[in-house]
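What follows is a short report on a single structure.
In my numbering, the protein residues as written are 793 to 1451.
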């Protein structure tokens, strides 16, 4: 009966449990006493039958019409191993009875088997609560329910001080998580996501190729965000590493084609090493190593006795190898936090290695950093003389007052390529200019038609996305307008205000002096605004970005670093929707600079004082609004949002010109 055999003389199987037959009698024991004593053993035999039926049904994939997922197979395999050790104990007791060299009573039999009964009860409770209660649930829910219950049992056993039960639960847990560990191992080693039964949380989006711009963020997802399991804190890192290796395979790179050693085996080995160190400390403190030697001898004997077994149909691979790998796991007596810490450490190491390989490939083969630097140098105009050569030619055409001459695709591309010709880097050849399908616009509004483009190829497009390039282009448009206004003021020369004939009137001299004062104050303000925008807002952010980029350990860190930088310059340049009011004020101030340029070049004889006063009054009005709106943003806790806001709030009031 204790072996799970249903047809015996003393006991009967009623379909779900053993019961003691009524016709059993012994001369030296009363019927009631014997029946009560035997009845106490019936639950253990019943549990053995339930567990054996579960193992057998799992093999034949017919247990309550459940799919035989890898997790259930692994759990059943571990239960089968524990039952085998129990049966070997029964076999040893039977030999004692047969040899009749020792006395063995029923009470002694139960006492010998009591440690095994404790483990059987615990395993049966796990089986009943995790397996039977999850009938009808999805494969993923079944696996999570089983793993969570094993973890809770491990915690409870440790809290209750069940030293005999702890190694059994540790073995059950390590065996049951093996499919999950193997799934992760293959994913982060080969980039292949193989989930036949749909029991793992990581899923792949259908019909999404690696070249798809959405791939890196949307190709893999977690099917149940609410579920919690031992790998939950690591899922994002696992997905990132798997995507990295898949990209390496797609690029035919050797780093993505090799699979490292078994992750599960490394986890068990590390746990064994940590427990061995602790055991040595305990043994030294107690000055006794006899028990440890006996445990090692028992483990070796179990392996030797199973060498003749060729295969295990339950999991489909050689059983002796399986026993060698996990028989010592049954002796592990470590807490759940220790197991989870080892798993987390080794999984993180694998993920970091895979992600670092792809990032290294990205840097060397795809020239990621060079592409990002090219975009920054030209869209943010950090390239110095190169962009100055391009913009000077464009600005000169713009100030001529004929938008058709400069809002012309061939002209703009020729000017750009001529400026870029001085650079040896071949990547700059990916830059070109495109005009939107709209009519030419006058003055600074014409830059809204201009689109600077950078043709990035996969996998650089993972970082330099279309969305980020649109933000860069908005910054480029703003810088063109600011630099054009500054260029327009720089082109105003005092000698242009000299009268063409001798003996100029006092009015002309006053107008010329007023224009000079106006230019001086406007140019001082605009030059300070330009320096704040270029040095503090853009270049300062760029330095911080470069530091973060150097420290990035994987592509996700690079993407996060780049997205943060793009968002930062978007805010620094006041391009968000909440800054629409201040954007309009800045544009109005820049347009006044162009208006001053046009008025200046009319010649002093054709300028009247009211025109100067009109520009000056407008400039004072918009400057006061600039300060006021900036102060409102700062008072609304936007102080750290933009250096430009701080500049605007602290810029000195301008003086009025007397005419």
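Ideal Cβ positions, reconstructed from N, Cα and C, are used throughout, including at glycine.
Since residue i and residue j are thought to touch, with beta carbons under 8 Å apart, how far apart are those beta carbons, to the nearest angstrom?
i, j, result
"residue 801", "residue 812", "The Cβ separation is near 11 Å, so there is no contact."
"residue 1190", "residue 1198", "5 Å"
"residue 1241", "residue 1228", "5 Å"
"residue 771", "residue 1206", "The requested residue 771 does not occur in the structure, where the chain is confined to residues 793 to 1451."
"residue 1023", "residue 972", "6 Å"
"residue 1417", "residue 1377", "5 Å"
"residue 1187", "residue 1036", "That belief does not hold up - the Cβ atoms of residue 1187 and residue 1036 are roughly 45 Å apart, past 8 Å."
"residue 843", "residue 915", "7 Å"
"residue 841", "residue 798", "7 Å"
"residue 1246", "residue 1236", "Wrong, their Cβ atoms sit about 23 Å apart, outside the cutoff."
"residue 943", "residue 1026", "Going by Cβ atoms, the distance from residue 943 to residue 1026 rounds to 15 Å, so no, they are not a contact pair."
"residue 862", "residue 991", "7 Å"
"residue 1234", "residue 1211", "About 25 Å; that fails the 8 Å criterion."
"residue 934", "residue 945", "17 Å between Cβ atoms; not a contact."
For a quick check, are the C-beta atoms of residue i and residue j less than 9 Å apart?
i, j, result
"residue 1519", "residue 1038", "Missing from the structure shown is residue 1519; the chain here goes from 793 to 1451 and no further."
"residue 839", "residue 913", "yes"
"residue 996", "residue 1011", "yes"
"residue 939", "residue 908", "no"
"residue 1146", "residue 1043", "no"
"residue 1332", "residue 1435", "yes"
"residue 1422", "residue 1365", "no"
"residue 866", "residue 970", "yes"
"residue 1318", "residue 1381", "yes"
"residue 1148", "residue 1346", "yes"
"residue 932", "residue 1015", "yes"
"residue 1128", "residue 950", "yes"
"residue 1324", "residue 1337", "no"
"residue 1438", "residue 1419", "no"
"residue 1143", "residue 1030", "yes"
"residue 1166", "residue 1173", "no"
"residue 1232", "residue 1185", "no"
"residue 1425", "residue 1384", "no"
"residue 816", "residue 830", "yes"
"residue 1362", "residue 1266", "yes"
"residue 993", "residue 1021", "yes"
"residue 827", "residue 814", "yes"
Grouping DSSP H, G and I as helix and E and B as strand, with all else coil, what is residue i?
i, result
"residue 927", "coil"
"residue 1203", "helix"
"residue 806", "coil"
"residue 1225", "strand"
"residue 1244", "strand"
"residue 801", "coil"
"residue 992", "coil"
"residue 1443", "coil"
"residue 969", "coil"
"residue 846", "helix"
"residue 902", "helix"
"residue 957", "helix"
"residue 1022", "coil"
"residue 1014", "strand"
"residue 1255", "coil"
Checking contacts by CB at 9 Å: is residue i closer than that to chain B?
i, result
"residue 1059", "Of the protein chains in the structure, only one exists, and it is not chain B."
For residue i, which residues from the same chain have a beta carbon less than 7 Å from its beta carbon, with the 5 sequence-adjacent residues on both sides left out?
i, result
"residue 1062", "1134, 1138"
"residue 870", "963, 964, 967, 968"
"residue 1053", "none"
"residue 1005", "1253, 1257, 1258"
Can you list, in chain order, the residues of its chain whose CB lies under 6 Å from that of residue i, leaving out five sequence neighbours each side?
i, result
"residue 1125", "958, 959"
"residue 1322", "1274, 1278"
"residue 767", "There is no way to answer for residue 767, as the model of the chain reaches only from 793 to 1451."
"residue 1271", "1173"
Output needed for residue i: all residues of its chain with C-beta closer than 8 Å, excluding positions within five of it in sequence on either side, in chain order.
i, result
"residue 881", "904, 905, 908"
"residue 824", "none"
"residue 1407", "1310, 1384, 1387, 1388, 1391"
For the ligand MG, I want to know if residue i counts as a neighbour, meaning its beta carbon is within less than 8 Å of at least one of the ligand's heavy atoms.
i, result
"residue 1370", "No copy of the ligand MG appears in this structure; indeed no ligand is present at all."
Touch test, the region 1252 to 1268 against the region 1155 to 1169, Cβ-Cβ under 8 Å, three pairs minimum: Counting Cβ pairs under 8 Å, three or more are found: they touch.
Contact between the region 1370 to 1381 and the region 1213 to 1222 (3+ Cβ pairs under 8 Å): The region 1370 to 1381 makes no contact with the region 1213 to 1222: fewer than 3 CB pairs, one atom from each, lie closer than 8 Å.
Cβ pair count under 8 Å reaching 3, the region 1278 to 1290 against the region 1379 to 1394: Because the criterion of three Cβ pairs below 8 Å is met, the region 1278 to 1290 and the region 1379 to 1394 touch.
Stretch-stretch touch, CB-based, cutoff 8 Å, three pairs: the region 970 to 981 with the region 999 to 1006: As far as the Cβ criterion goes, the region 970 to 981 does not touch the region 999 to 1006, which means the pair count is below three.
The region 924 to 943 contacting the region 878 to 893, beta-carbon criterion three pairs below 8 Å: Touching, no.
Three CB pairs or more closer than 8 Å across the region 1296 to 1307 and the region 1395 to 1405: By the Cβ rule, the region 1296 to 1307 counts as touching the region 1395 to 1405, because three or more pairs are nearer than 8 Å.
contact_flag[the region 1308 to 1324, the region 1350 to 1360] where n(CB pairs < 8 Å) is 3 or more: No, the region 1308 to 1324 is not in contact with the region 1350 to 1360.
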